[in-house]
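Peer 1: Before I ask anything, here is the structure I am working with.
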Amino acid sequence: MYLVNGKIISDLEPDAVLAELKSSLADTLACPPSVQQVLDCAGRFADSLDTVASVLALDTATIAALRGFCRRDLLEAKLRHELGEQPFSLRRFDYTQPRFETWQPLGLVVHITPANAPLLPFMAVLESLLVGNVNWLRPSSSDQGLNAQLLAEFLRYDLSGKLAPYVSVLPLPSDQLSTLLECADAVSAWGSHTALTAIRSQLRPGCRWIDWGHRISFAYLAPESADHADYDALADDVCRFDQQACSSPQCLLVDSTDENVLREVASAVAAGLARRAPVWPALQPDIQEAAEISSQMAFLQLDHTFAGLTGSVEEGDGWRVAWVQRQELAPSPLYRTLQIRPAPRARLVEILLPWRPYLQSCALIAEINELPMLSRQLLAAGVSRVCQAGAMHDGYEGEPHDGVYALTRLARRVSVSLKAEQLPGHVTLDKLAINPPELAGVPVMDKEKFQQNGVTSKAQVFFRSGGSSGTPKLAGFSHRDYHSQMQAAADGLFSAGLDPAQDRVMNLLYGGNLYGGLLSFFTILDKLSVPHYPMGGPINDDFSQIRHFIVTQGVNTLVGMPSTMYQLFEREEAALRAYGGVRKIFAGGEHISEERRQFLSSFGIQVIRSAIYGSVDAGPLGHACACCHDGEFHLLSDIQWLEILALDSDQPIQPGETGRLVFTPLAREGR
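All residue numbers in the sequence shown are consecutive under numbering that gives the first Met the number 0, ending with 670.
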């Protein structure tokens, strides 16, 4: 079953389809989808999974797994955790240098997926789509069209109509695999060492190789710390997927060489399996796998009996525990077969050395005070993931997999370097924002409704809003709200002319009583990495301390209210004229009259400009630049959307008409 341009096709000519896809590849690569389009589609798909389940006859576990993976908030968290905030913004990483970096798609990624994880192909394609890649999926022969149908349903929820060319399912036979790979910029493949080697040999030079080979996981036990609950949790890890997952424990290493201790541990593990195995439906091995298990257990018993090998084999209903008194990490024949070996911590790195390239997860059972040291030792030995027993198959959004972040393997880190005099006020080289489709049909909220809307449970930072009349109100922001708004304001202040490489800034805004001026600009200046002095406004109208630190610290830039600035220069006129070092004033909150502007300019001040345009409730809205007249601002389009609507209706105005400026925050959690 094929999926091409959003359509399921059962019978087609593969060569013709590949020729068509290749002919349009350059155009498809030239304009990748935005991450918002992918997130919007994933969110709608997750919200509609009950409908999808009825169409595709999906079971409850499959629905839960898909919903957990496709939730918009979790995908956003994954992006932030793996690629950082604003990962696809081509922006300065240092305000003092004209150097810009961002993440970009690799291009065409071919996914070759295994048979033992039915939903992995869908999830792999969605991860790659988040980064903007073109994705050609070649599922296993056992897929039976499941992922083609899932991805087709997913694309039905793409209201932008943009994503279909970026997702194709092409179940070509192995002997035609080379035709899939010849245009690939990257190949992401799962499988055995032999299978991966065969695939890699067919890649063109320069093609990125993203391999997800077999891994081995185990548990490490400090025996004096274990109780029944720990052994039950370990048994759950063994039985949950019958050791078919890379995160399943195949061996229990014990921090002891005492035979009596190992014997007690083996008995405790067997008792735990006897208690917990019936809870988990068992996967039955085929005849070859069953024969391998039986022969291994039989040979061990013979060695124990006739070769003097210390150890034991205990078996129950579908499970086995094989203890051998030999210091090694022993692989398991799987299907609820747990190996037990001694591994004193002093030799742990040495014992694990032969398996170092293949190590994945370790369930650590030890005393609390030993967890940090043993965790470090396991990581030094090559383990990629240390977790608690009972949680080996669990994880968190954005958790590294096999020692890497998946999204970084699916993306390129790119840069643009300019001359210092080129685009000096530009923080980013991004395209202008487009009309957010999610705002279509949303009614305009008047001031009363906006204030009644209140704060949400995600609000974590609060500032006083208004208060000139009536009861003071609070505006709430999540920490992400606050920092994204302050980052945008920092970008705006840079564009307005603040130079972190040259300026030394004194912050004269007022703080306290839940007002946000001083604190907000402390954060803004901190994000700019500019030397700054959070002085605050004068106490009892005494400006002498402010003047003292301006002069002694070589301050050349001031941020504050216009009235504060005027009083400072008026009262400390002689000293500040003698100093003559203040070159920039960034004012907020009030208009500066022409008379006061001329007075301040007489001190040698070259830049007198608004610091930012905004409000406590709505956040930063706009910023000035060197070309702006007083009262003119550029929209902070990273965080705000602006519409100009008619004075008497909520319809867009026509060219030449006067209208209302209506702002909408693009991402606001706290309100």
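Where a beta carbon is used, it is the ideal one built from N, C-alpha and C, also for glycine.
#1: Since D142 and P164 are thought to touch, with beta carbons under 8 Å apart, how far apart are those beta carbons, to the nearest angstrom?
#2: I need the straight-line Cα distance from Y1 to S53, nearest angstrom please.
#3: Are the CB atoms of R199 and L171 within a distance shorter than 9 Å?
#4: To the nearest angstrom, how far is it from the Cα of A345 to the Cα of L378?
#5: Taking 9 Å as the threshold (C-beta atoms), are G535 and L517 in contact?
#6: Assuming E396 contacts A76 under a Cβ cut-off of 8 Å, what Cβ separation, rounded to an integer in Å, is found between them?
#7: Under the rule that 16 or more other beta-carbon atoms within 10 Å means buried, what is M444, buried or exposed?
#8: Just to check my reading of the structure: V268 and L261 have Cβ atoms closer than 8 Å, yes? What is that Cβ distance to the nearest angstrom?
#9: Excluding the five sequence neighbours on either side, which residues of its own chain have a C-beta within less than 8 Å of the C-beta of L272, listed in chain order?
#10: Whole alpha helix (DSSP H) runs in the region 333–376 with 4 or more residues, listed along the chain?
#11: Taking only three categories from DSSP, how would you classify V615?
#12: Can you give me the Cβ contacts of R408 inside the same chain, cut-off strictly under 6 Å, excluding the 5 residues immediately before and after it?
#13: Whole beta strand (DSSP E) runs in the region 473–533 with 3 or more residues, listed along the chain?
#14: With H, G and I counted as helix, E and B as strand and the rest as coil, what does DSSP make of G42?
#15: What did DSSP end up calling F99 once you bin it into helix, strand or coil?
#16: Helix, strand or coil for I427? Go by DSSP, reduced to three states.
#17: Please give me, in chain order, every unbroken run of the beta strand (DSSP E) with length at least 3 that falls completely inside the region 157–191.
#18: Let me check one thing: in DSSP terms, what residues is E642 bridge-paired to?
#19: Is it right to say L82 is buried, meaning 16 or more other beta carbons lie within 10 angstroms of its own, or is it exposed?
#20: DSSP three-state call for I7: helix, strand or coil?
#21: Of all the options A225, V323, S246, which has the alpha carbon lying nearest to the alpha carbon of R214?
#22: Checking the sheet assignment: what are the DSSP bridge partners for F585?
#23: Return the residue from the list F153, L158, L220, P117 that minimises the CA-CA distance to W189.
#24: So, under 8 Å CB-CB, D502 and V529 are touching, yes? Tell me the CB distance rounded to an integer number of Å.
#25: Using the three-state DSSP reduction, which class does L252 fall into: helix, strand or coil?
#26: Report, in whole angstroms, the separation of the C-beta atoms of A474 and R670, which I expect to be a contact under 8 Å.
#27: Using 10 angstroms around the beta-carbon of E313, count the other beta-carbons present and answer buried if the total reaches 16, otherwise exposed.
#28: From T522, N512, G511, pick the residue whose C-alpha is nearest to that of V504; which is it?
#29: Please report the straight-line C-alpha distance between E420 and P97, rounded to a whole angstrom.
#30: Using a Cβ distance threshold of 8 Å, determine whether the region 222–234 contacts the region 100–117, with at least three qualifying pairs required.
#31: Nearest-angstrom Cα distance between C182 and L282?
#32: Quick one: residues in its chain with C-beta nearer than 7 Å to the C-beta of A390, no 5 flanking neighbours on either side, listed in chain order?
#33: By how many angstroms is the C-alpha of T112 removed from the C-alpha of Q243?
#34: Identify the continuous beta strand (DSSP E) that holds N146 and give its terminal residues.
#35: Helix, strand or coil for D629 per DSSP?
#36: How many angstroms separate the CA atom of S294 from the CA atom of R71?
Peer 2: Well, looking at it:
#1: Beta-carbon to beta-carbon, D142 and P164 are separated by about 22 Å, too far to satisfy the 8 Å threshold.
#2: Rounded to the nearest angstrom, the two C-alpha atoms are 21 Å apart.
#3: Against a cut-off of 9 Å, the Cβ pair of R199 and L171 comes out as no contact.
#4: Taking the straight line from one Cα to the other gives about 14 Å.
#5: Yes, Cβ-Cβ distance for L517 and G535 is below 9 Å.
#6: About 5 Å; that satisfies the 8 Å criterion.
#7: Classification of M444: exposed, given that the 10 Å Cβ count is below 16.
#8: In this structure V268 is not in contact with L261, their Cβ atoms being roughly 10 Å apart against a cut-off of 8 Å.
#9: So the qualifying residues of the chain are A234, V237, C238, G315, W318, V320, R335, L337.
#10: Here the runs fully enclosed are 347–351.
#11: V615 carries a coil assignment under DSSP once its states are collapsed to helix, strand and coil.
#12: So the qualifying residues of the chain are I209.
#13: Segments of the beta strand (DSSP E) lying fully in the region 473–533: 504–506.
#14: Looking at G42 - three-state DSSP - the assignment turns out to be helix.
#15: Note: F99 maps to strand in three-state DSSP.
#16: Per the sequence presented here, residue 427 reads as Thr, with Ile not at that position. Strand, per DSSP.
#17: The qualifying runs are 166–168, 185–190.
#18: According to DSSP, E642 bridges with V661.
#19: Under this definition L82 is a buried residue.
#20: DSSP places I7 in strand when its eight states are reduced to three.
#21: Ranking the options by Cα distance to R214, first place goes to S246.
#22: Bridge partners of F585: V558, R608.
#23: Ranking F153, L158, L220, P117 by Cα distance to W189 puts P117 first.
#24: With a contact defined as Cβ atoms closer than 8 Å, D502 and V529 qualify at about 6 Å.
#25: Here L252 sits in strand by DSSP.
#26: Correct: roughly 7 Å between the Cβ atoms.
#27: E313 is buried by the Cβ-count criterion.
#28: The shortest CA-to-CA distance from V504 to any of T522, N512, G511 is the one to T522.
#29: Approximately 9 Å, taken between the alpha carbons.
#30: When C-beta atoms of the region 222–234 are compared with those of the region 100–117, fewer than three pairs fall below 8 Å, so the two segments do not count as touching.
#31: Rounded to whole angstroms, C182 to L282 spans 39 Å at the Cα level.
#32: No residues qualify anywhere along the chain.
#33: If I take the Cα positions, the gap works out to 15 Å.
#34: Where N146 is concerned, there is no enclosing beta strand (DSSP E), although the alpha helix (DSSP H) it sits in stretches over 145–155.
#35: In the structure shown, D629 sits in coil (DSSP, three-state: anything other than H, G, I, E or B).
#36: Straight-line Cα distance between these residues: approximately 49 Å.
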